[in-house]
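Numbering (the numbering used here), first residue to last: 8 to 172.
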């Protein structure tokens with residue numbers, strides 16, 4: 008989201024564009040994700056909480072019956088910029104995905120990524136990788152935290168998938 012502030016007088020017009028970013032935080036023990044200090048969760052009415060919905064673009068319906076919300080602003084997660092997607096199925100939060108902006112081509116494995124290493128370090132969880140383009144953070148009792156790397160485009164994502172209750 009961009010905020011434009013302007014100062015106008017007869018002599019000149021000055022415009023300053025300010026980029027706003029929103030912080031995403033994860034409680035790795037409990038599997039709780041916050042967007043700008045608001046918990047990403049489903050309300051009693053089966054919808055994404057209103058405070059988080061206000062941060063999002065209009066909902067998209069996906070082919071599998073899921074709905075997806077995209078946070079409108081750029082986000083920062085673990086010191087890295089990106090976008091955030093929130094998926095729900097049948098009134099249940101199923102995943103939160105971070106699509107990192109940084110494009111970097113890795114030589115051998117996703118475990119080379121500075122983003123993967125820094126997030127693993129801050130979470131206190133070990134990285135496990137059985138494939139060069141995928142890695143998981145171990146021991147998440149609430150679900151799965153999985154990194155994926157696209158070698159053709161050099162893009163990296165983190166998807167946190169939550170187990171059903």
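Even glycine gets a Cβ: it sits at the ideal position worked out from N, Cα and C.
Answer yes or no: do residue 64 and residue 77 have a C-beta to C-beta separation smaller than 7 angstroms? Between residue 64 and residue 77, the gap from beta carbon to beta carbon is short of 7 angstroms.
Helix, strand or coil: how does DSSP classify residue 79 here? Coil, per DSSP.
Hey, which unbroken runs of the beta strand (DSSP E) at 3 residues or more fall wholly within the segment 83-129? You should have 87-96 and 99-107.
Count the other CB atoms within 10 Å of the CB of residue 101; is the residue buried (16 or more) or exposed (fewer)? The residue is buried, with at least 16 neighbouring Cβ atoms inside 10 Å.
Please go through the same chain and pick out, in chain order, the residues whose beta-carbon is closer than 8 angstroms to the beta-carbon of residue 125, but skip the five residues on each side of it. Correct list, in chain order: 85, 86 and 87.
What residue does the alpha helix (DSSP H) around residue 57 start on, and which one ends it? Per DSSP, residue 57 belongs to the alpha helix (DSSP H) from 57-60.
Nearest-angstrom Cα distance between residue 47 and residue 160? When only Cα atoms are considered, residue 47 and residue 160 end up about 29 angstroms apart.
Take residue 1 and list the residues in its own chain whose beta-carbon comes closer than 6 angstroms to its own, dropping the five residues that flank it on each side. No information on residue 1 is available, as it lies outside the stretch 8 to 172 that the chain covers here.
Does DSSP put residue 45 in a helix, in a strand, or in coil? Residue 45 falls in the strand class under three-state DSSP.
Mind checking which residues open and close the beta strand (DSSP E) that includes residue 34? Counting along the chain, the beta strand (DSSP E) containing residue 34 begins and ends at 28-34.
Which of the three DSSP states is assigned to residue 161 in this structure? Secondary structure at residue 161: coil, using DSSP grouped into helix, strand and coil.
Quick check on this structure: which residue in 169, 61, 81 and 39 has the alpha carbon closest to the alpha carbon of residue 28? Of the candidates 169, 61, 81 and 39, 81 places its Cα closest to the Cα of residue 28.
Does the Cβ-Cβ distance between residue 164 and residue 104 come in under 7 angstroms? Between residue 164 and residue 104, the C-beta spacing is below 7 angstroms.
Three-state secondary structure (DSSP) of residue 54: In this structure, residue 54 counts as coil in the three-state DSSP scheme.
Hey, could you find the ends of the beta strand (DSSP E) residue 132 is sitting in? That residue, residue 132, is in no beta strand (DSSP E); it is neither H nor E in DSSP.
Could you tell me the boundaries of the beta strand (DSSP E) in which residue 141 lies? Residue 141 -> beta strand (DSSP E) spans 141-144.
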